[in-house]
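Counting from 128, one number per residue, gives the positions in the sequence shown under our numbering.
Virtual Cβ for every residue (Gly too), placed ideally from N, Cα, C.
Fair warning: this is a prediction, and the values are worked out from it, not measured in the lab.
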Amino acid sequence: MGADIVNRFTDLYKYDLPLNNATMSARSAPSSSTHLSLSNILDTSPVEQTRQFLLSVARAMRVCAESPDHESAAHGFAEAIGSAIPKSPPAATIKASTELRKAQDTRLARRLIELGDHLPWTESPRTPDMGNKIAVCSFNDLFDLKHHTAGLLYLDPGLAYPEHRHPPPELYLTLSGTASWRYGGSTEYRVVSAGNLLYNHPLDLHGVRSSETPLLALFLLWHNETD
């Protein structure tokens, strides 16, 4: 199985480092809207910690983007989260799975675990009656992200998330767990390790199956302003 595992960015995602000068020179500088105020930087509330986590996610996505469209989507997400107005967070309808603590393959995942109990976890509508064994968390419930939809997908070990499709394009950042993914228009499943960026075209049929470890991934969909 090792030779078939998609793991192009695993080493990078073990570290949560800011973009270095060489990387930034190859990309446009972030706009002022992504710069948080000093009060936000010093704010240690769970909501602002979540914002900082999502900015780190967007930065990692930009570093690993394999096309200008993917980089643009990640940049737009950074713009949106950097200036987003927090919402009154809804109460979680389920508690995070105890298995979530084992999802520590990347530094981003470990940061997320620290926030896990403060996030609005819910059952996925695609997997009713699975409780917190298959759970989702919508960051749109915490922030006004305008034309972006972002959230977390969590699976306990040995479970499958149903194949599905939707009109908006989508990026998945795999935060923890080696799992079998169907993505990118493929009709087959490929084993993907933590620390990878996966892309689904509009209406691509896609799904995922966790292995012996829990799966934690962040999804990002973006919509036209007229949608």
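Spatial distance of residue i from residue j (CA atoms)
{"i": "residue 304", "j": "residue 182", "result": "22 Å"}
{"i": "residue 326", "j": "residue 312", "result": "9 Å"}
{"i": "residue 235", "j": "residue 322", "result": "9 Å"}
{"i": "residue 179", "j": "residue 200", "result": "18 Å"}
{"i": "residue 284", "j": "residue 244", "result": "20 Å"}
{"i": "residue 261", "j": "residue 210", "result": "31 Å"}
{"i": "residue 350", "j": "residue 293", "result": "11 Å"}
{"i": "residue 259", "j": "residue 232", "result": "20 Å"}
{"i": "residue 316", "j": "residue 324", "result": "15 Å"}
{"i": "residue 263", "j": "residue 287", "result": "14 Å"}
{"i": "residue 266", "j": "residue 342", "result": "18 Å"}
{"i": "residue 171", "j": "residue 177", "result": "10 Å"}
For residue i, three-class secondary structure by DSSP
{"i": "residue 342", "result": "strand"}
{"i": "residue 246", "result": "coil"}
{"i": "residue 315", "result": "coil"}
{"i": "residue 355", "result": "Shown here, the chain extends from 128 to 354; a query on residue 355 therefore has no answer."}
{"i": "residue 294", "result": "coil"}
{"i": "residue 350", "result": "coil"}
{"i": "residue 285", "result": "coil"}
{"i": "residue 228", "result": "helix"}
{"i": "residue 187", "result": "helix"}
{"i": "residue 258", "result": "helix"}
{"i": "residue 323", "result": "coil"}
Rounded Cβ spacing between residue i and residue j (contact assumed at less than 8 Å)
{"i": "residue 296", "j": "residue 328", "result": "6 Å"}
{"i": "residue 298", "j": "residue 197", "result": "6 Å"}
{"i": "residue 319", "j": "residue 301", "result": "6 Å"}
Residue j beta carbon less than 8 Å from that of residue i
{"i": "residue 214", "j": "residue 268", "result": "yes"}
{"i": "residue 208", "j": "residue 185", "result": "yes"}
{"i": "residue 254", "j": "residue 220", "result": "no"}
{"i": "residue 242", "j": "residue 195", "result": "no"}
{"i": "residue 275", "j": "residue 204", "result": "yes"}
{"i": "residue 218", "j": "residue 252", "result": "no"}
{"i": "residue 227", "j": "residue 281", "result": "yes"}
Candidates the options: closest to residue i by CA position
{"i": "residue 270", "options": "348, 216, 335", "result": "216"}
{"i": "residue 189", "options": "173, 177, 206", "result": "206"}
{"i": "residue 344", "options": "249, 171, 279", "result": "279"}
Distance cut-off 7 Å: residue i Cβ against heavy atoms of the ligand NAP
{"i": "residue 346", "result": "Here there are no bound small molecules, and the ligand NAP is not part of this structure."}
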